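> Protein chains in written order, with my numbering: chain A, 11 to 316; chain B, 4 to 527. The structure that follows is given in the form of structure tokens.
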Amino acid sequence: MIESLLPILAGTLAAATPLIFAGLGELVVERSGVINLGVEGMMLIGAIAGFAGAAQTGYGAAIGLPLGALAGAAASMIFAFFALSLAANQAACGLALTIFGVGLSAFVGQHYVSYSLPGLQPLAIPLLSDIPLVGPVLFRQDWVVYLSLFSFAGVAWTLSKTRLGLLLKAVGESPEAAHAIGYPVLGIRYGAVAFGGAMAGIAGAYLSTVYTPLWVQNMSAGRGWIAVALVVFATWKPGRLMLGAYLFGAVTILQFHAQGLGISVPVQLLAALPYAATVVVLVLISRDRKLLQLNLPASLGKTFLP
Amino acid sequence: MNTSAPRLQLLHITKRYPSVVANADISLSVQPGEIHAILGENGAGKSTLMKIIYGAVKADEGEMLWDGRQVAITNPAQARRLGIGMVFQHFSLFETLNVVENIALVLDEPFDLAALARRVTEVSERYGLPLDPFRPVHSLSVGERQRVEIVRCLLQNPRLLILDEPTSVLTPQAVLKLFETLRQLAAEGVSILYISHKLHEIQALCDSATIMRGGRVTGQAIPKDETPASLARMMIGRELPQCVAPVYTGERRPVLEIRSLSRPTDDPFGTALHDISLTVHAGEIVGIAGISGNGQAELLAALSGEAPGARNAVCIDGAPVGHLNAGQRRRQGLVFVPEERLGRGAVPALPLTHNALLTGHPQGMKRWGLVRYARARAFAEECIRRFDVRCGGPEAVARSLSGGNLQKFIVGREIMLQPRVMIVAQPTWGVDVGAAAFLRQTLLDLSRTGVAILVISEELEELFEISDRIAVLAAGRLSPAEAKAATNAESVGLRMSGLFTPPTEASAPASASSSSTESSHASA
Chain A
11 MIESLLPILA
21 GTLAAATPLI
31 FAGLGELVVE
41 RSGVINLGVE
51 GMMLIGAIAG
61 FAGAAQTGYG
71 AAIGLPLGAL
81 AGAAASMIFA
91 FFALSLAANQ
101 AACGLALTIF
111 GVGLSAFVGQ
121 HYVSYSLPGL
131 QPLAIPLLSD
141 IPLVGPVLFR
151 QDWVVYLSLF
161 SFAGVAWTLS
171 KTRLGLLLKA
181 VGESPEAAHA
191 IGYPVLGIRY
201 GAVAFGGAMA
211 GIAGAYLSTV
221 YTPLWVQNMS
231 AGRGWIAVAL
241 VVFATWKPGR
251 LMLGAYLFGA
261 VTILQFHAQG
271 LGISVPVQLL
281 AALPYAATVV
291 VLVLISRDRK
301 LLQLNLPASL
311 GKTFLP
Chain B
4 MNTSAPRLQL
14 LHITKRYPSV
24 VANADISLSV
34 QPGEIHAILG
44 ENGAGKSTLM
54 KIIYGAVKAD
64 EGEMLWDGRQ
74 VAITNPAQAR
84 RLGIGMVFQH
94 FSLFETLNVV
104 ENIALVLDEP
114 FDLAALARRV
124 TEVSERYGLP
134 LDPFRPVHSL
144 SVGERQRVEI
154 VRCLLQNPRL
164 LILDEPTSVL
174 TPQAVLKLFE
184 TLRQLAAEGV
194 SILYISHKLH
204 EIQALCDSAT
214 IMRGGRVTGQ
224 AIPKDETPAS
234 LARMMIGREL
244 PQCVAPVYTG
254 ERRPVLEIRS
264 LSRPTDDPFG
274 TALHDISLTV
284 HAGEIVGIAG
294 ISGNGQAELL
304 AALSGEAPGA
314 RNAVCIDGAP
324 VGHLNAGQRR
334 RQGLVFVPEE
344 RLGRGAVPAL
354 PLTHNALLTG
364 HPQGMKRWGL
374 VRYARARAFA
384 EECIRRFDVR
394 CGGPEAVARS
404 LSGGNLQKFI
414 VGREIMLQPR
424 VMIVAQPTWG
434 VDVGAAAFLR
444 QTLLDLSRTG
454 VAILVISEEL
464 EELFEISDRI
474 AVLAAGRLSP
484 AEAKAATNAE
494 SVGLRMSGLF
504 TPPTEASAPA
514 SASSSSTESS
524 HASA
């Protein structure tokens, strides 16, 4: 029985990884008071850029991920220019970026439709991976999964323990006050948006070069939107975001197994399950209005020009 | 007073904005250890001048000398390095961060919160400004927030401290405390620029004064040698207008009754209301003093009908209206003038005609569900004429009016609805002296026609000028309303700090003492 659970647990980690990257990125963006709804678009742009790089060079994820990050960050700069420098409506700019990303990735991806990549071998961590049961699940993953855990630790530590994290929170709460005491509000927000774009790009590249190493149009399949929702429901706290991502990952893998067992439920319903389950659970745990209000970056979505 | 170079000298500073010259040819100088007042009305250009000194705004012309050497300050960080500290009128604090985090953000030094917390405690004790470094700012009272701002400046060892209207949020006792701190700083050689429009404060504190009006310097004075009247003449260009309160001769019957109004709050930054009772009679003005954030917003929402509650908690002429919404209460003869003129009292982008419609529509401005614009326009025109609203006519958009004129329009609009009860929040906030006097007189005259008026204000002087009785709202509790003759600013100030016995518990002596200590704790 336990033996049959292990692949599910191992799969959960991998399935959650793109959400962790995209969600952590968006969390940093929103902490600075900016809401970028272009995550889905940036993921797709990162996915095709990473896939193309990996396919052309043959280096796989080692080149795909950095390229995806670059492409995601570059795409986010389009958003930043309109939403920050020109103070246009952030929701509209983000939606436009998503639409642009879907179209651009499909266009560039035409040439890669029949390609597939080798994928990544799991990286077993010596000693730890030999622990019975838990070892193979936690410590025999591909290196990107480990990278996602380091990213979480880095973001959580930066937000809670460093001056940069404090500054990000301050800008998100009151850009006016931050400007009055002499901080470059727009510069900080540009930095946050670029980080968010790079993380979304990595998430996309992980999907296309590691998770399902082949190019499919629209392959992010709404994970960018789930990442945006995760950030809000996680009340802008990295730890809760991780919980939400693993929940999504677990239900994703479970429904695959359910499909395999031939349970007589339409496949479409099963495929929708991770999205529905994640949203429902997160809504339930974030019902507390006080919690939301205390953590909500007060200037979220409001334009600011110095 | 001193032969060495002045700490700060401004020469011919000019700053133009597209529609207005904010500062024209301003020159002044401040010596080390001098407390120098910048006296002027709202809109005289004081705040712009201070922002130029602090590097937040760039002057178009003129030069600035610091210790005798010419400097060009281009941003606040540079100003801080020179030794200029500024305490803002609207605090530049972050509510979700704690005290020491807020302070760490302005200091250019290694990030070590524990060490900084020790220094905060040390400095705050030395200057009598007690602070807990780890309290989140949203849980602090306004006075405590100001302490944070001051301590934040002091940690940078400033040589010039700028305070922009620092007492507008303080109780009279806290003002005295602040003055002690400032004198101690001046004695240590710190120069202080003290911006205010309150004459008696400047006379009590400052060594010298520069008086501004309409963006220009209209006088230099030694405040102690002047009278309030002579300072006022320099500040507003004429005598300080006085209000007259006629005697009300009509029947004194209760009109607005608030009965044991309690209201929890689900806003983490809000204040719960505890057992508030108050009666306002026909022909009187009752003032509610207190510092914003002590339940003012919650009480106003409960009275206006924006937050309906228990049926019997609010009554008009004996009829319960506590459960009604704002529109229904207006039909019962209640009108409400909110604190925020733009966005709540009026729609900024709409012309006055449309703004008249907002609350005046029952006055025959609609027929079969359609708007009769001619009626609305006539209403707006009459309001402009009767209440001396200086504007470009009924088609001028609300945003284009000065604060005083827009307030005259809003108050006038509500008066023309012939109310039985009027509730006004901060009637003269940010309004020039002339318009403020007009508004106060208008409220006095209205009350003497038999209307019950409730005024909530932070300006004690204003309340003493127009109110018949004064109550204090502190930490969500309301003190009993006392006749103006039976109280004074000092006792009201004490009650603003929460040192009173809530009225309903006064009859039960056993619990009275415990609850009064509790409320003083809440505000301490």
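Every residue gets a Cβ at the ideal spot worked out from N, C-alpha and C, and that includes glycine. The structure displayed is predicted, hence computed values, not measured ones.
Just how far apart, CA to CA, sit residue 290 of chain B and residue 471 of chain B?
So the alpha carbons of these two residues sit roughly 8 Å apart.
> Output, in sequence order along the chain, the residues in the segment 176–202 of chain A whose CB is closer than 7 Å to any CB in chain B.
Those would be 176, 177, 179, 180, 183, 184, 187, 190, 191 and 192, in chain order.
> Cβ closer than 9 Å: which chain B residues qualify as neighbours of residue 299 of chain A?
Simply 269, 270 and 271.
> Considering only the alpha carbon of each residue, which of B/20, B/198 and B/215 lies closest to residue 239 of chain B?
Among B/20, B/198 and B/215, the Cα nearest to that of residue 239 of chain B belongs to B/215.
> In the DSSP output, which residue or residues are listed as bridge partners for residue 26 of chain B?
DSSP output for residue 26 of chain B lists B/18 as bridge partner(s).
> Would you please verify whether the beta carbon of residue 233 of chain A is less than 8 Å from any beta carbon of chain B?
Not an interface residue.
> Between the alpha carbons of residue 461 of chain B and residue 467 of chain B, how many angstroms are there, rounded?
Whole-angstrom Cα-Cα distance: 11 Å.
> Give the residues of chain B in contact with residue 310 of chain A, contact being defined as C-beta atoms less than 7 Å apart.
Within chain B, no residue comes near residue 310 of chain A; the closest Cβ sits about 12 Å away, beyond 7 Å.
> Check residue 514 of chain B in the structure and name its three-state DSSP category.
At residue 514 of chain B, the pLDDT of 38 sits below 50, so the modelled position is not reliable; the number obtained from the coordinates is stated separately. It is helical.
> Look at the alpha carbon of residue 162 of chain B and the alpha carbon of residue 25 of chain B, and state the distance between them as a whole number of angstroms.
Each residue's Cα considered, the two are about 26 Å apart.
> Of the residues B/340, B/433, B/415 and B/60, which one's Cα is nearest the Cα of residue 191 of chain A?
When each option's Cα is compared against that of residue 191 of chain A, the closest is B/60.
> State the Cα-Cα distance for the pair residue 452 of chain B and residue 435 of chain B, rounded to the nearest angstrom.
One C-alpha to the other measures close to 26 Å.
> Going along the chain, which residues of the segment 282–306 of chain A sit with their C-beta nearer than 7 Å to a C-beta in chain B?
Against chain B - using a Cβ distance shorter than 7 Å - the residues of the segment 282–306 of chain A are 299, 300, 303 and 304.
> Is it buried or exposed, residue 27 of chain A, if we count other Cβ atoms within 10 angstroms and call 16 or more buried?
Answer is buried; the Cβ neighbour count reaches 16.
> Given a cut-off of 8 Å, decide if residue 90 of chain A and residue 318 of chain A are closer than it, judged by their beta-carbon atoms.
The requested residue 318 of chain A does not occur in the structure, where chain A is confined to residues 11 to 316.
> With respect to the beta strand (DSSP E) encompassing residue 474 of chain B, which residues constitute its N-terminal and C-terminal limits?
It spans 472–477 - the beta strand (DSSP E) in which residue 474 of chain B sits, taken as one unbroken run.
> With a threshold of 16 other CB atoms inside 10 Å of the CB of residue 20 of chain B, please say whether the residue is buried or exposed.
Classification for residue 20 of chain B: exposed.
> When you compare only the Cα positions, how much space is there between residue 73 of chain A and residue 242 of chain A?
So the two alpha carbons sit approximately 32 Å from each other.
> Between residue 49 of chain B and the rest of its own chain, which residues show a CB-CB distance below 7 Å, the 5 nearest in sequence each way excluded?
41, 43, 198 and 215.
> Between residue 27 of chain A and chain B, is any beta-carbon pair separated by less than 8 Å?
Chain B, which has no Cβ nearer than 8 Å to the Cβ of residue 27 of chain A, makes this no.
> Is the Cβ of residue 107 of chain B closer than 8 Å to any Cβ of chain A?
So yes, residue 107 of chain B belongs to the interface.
> Name the residue from A/133, A/160 and A/157 whose alpha carbon lies nearest to the alpha carbon of residue 317 of chain A.
One cannot answer for residue 317 of chain A here, as it falls past the ends of chain A, which runs 11 to 316.
> Could you tell me the alpha carbon to alpha carbon distance between residue 520 of chain B and residue 306 of chain B, rounded to whole angstroms?
Because residue 520 of chain B carries a pLDDT of 36, less than 50, the predicted location of this residue cannot be relied on, and the following value inherits that uncertainty. Cα to Cα, residue 520 of chain B sits roughly 28 Å from residue 306 of chain B.
> Quick one, which residues of the segment 70–82 of chain B are near chain A if we go by CB-CB under 9 Å, in chain order?
Flagged, chain order: 78, 79, 80, 81 and 82.
> Given that residue 91 of chain B touches chain A, what residues does it touch there, using C-beta distances under 7 Å?
The answer, in chain order, is 190.
> Report the neighbours of residue 172 of chain A on chain D: residues whose CB is nearer than 7 Å to its CB, in chain order.
In the displayed structure, chain D is absent; the protein chains listed are A and B.
> Could you please give me the residues that DSSP links to residue 139 of chain B through a beta bridge?
DSSP lists B/101 as partners of residue 139 of chain B.
> Give the straight-line distance between the Cα atoms of residue 424 of chain B and residue 197 of chain A, rounded to the nearest whole angstrom.
Roughly 51 Å separates the two Cα atoms.
> In terms of residue numbering, what span does the alpha helix (DSSP H) encompassing residue 1 of chain B cover?
What is shown of chain B runs 4 to 527, which leaves residue 1 of chain B out entirely.
> Can you find a C-beta in chain A that's less than 8 Å from the C-beta of residue 59 of chain B?
It does: the Cβ of residue 59 of chain B has a partner Cβ on chain A nearer than 8 Å.
> Using a C-beta cutoff of 8 Å, does residue 274 of chain B count as contacting chain A?
Answer no: the Cβ-Cβ gap between residue 274 of chain B and chain A never drops below 8 Å.
> Take residue 159 of chain B as the anchor and find which of B/459, B/429, B/419 and B/82 has the nearest alpha-carbon.
Answer by Cα proximity: B/82.
> Looking at residue 191 of chain B and residue 450 of chain B, is the spacing between their C-beta atoms short of 8 Å?
Result no, Cβ atoms of residue 450 of chain B and residue 191 of chain B do not sit closer than 8 Å.
> Residue 127 of chain B touches chain A at which residues, Cβ-Cβ below 7 Å?
Near residue 127 of chain B there are no residues of chain A at all, since even the closest Cβ is about 19 Å away, more than 7 Å.
> Who are the neighbours of residue 51 of chain B on chain A, taking C-beta pairs under 8 Å?
Residues of chain A passing the Cβ test: none, with the nearest at roughly 14 Å.
> Under the rule that 16 or more other beta-carbon atoms within 10 Å means buried, what is residue 18 of chain B, buried or exposed?
Flag for residue 18 of chain B reads buried.
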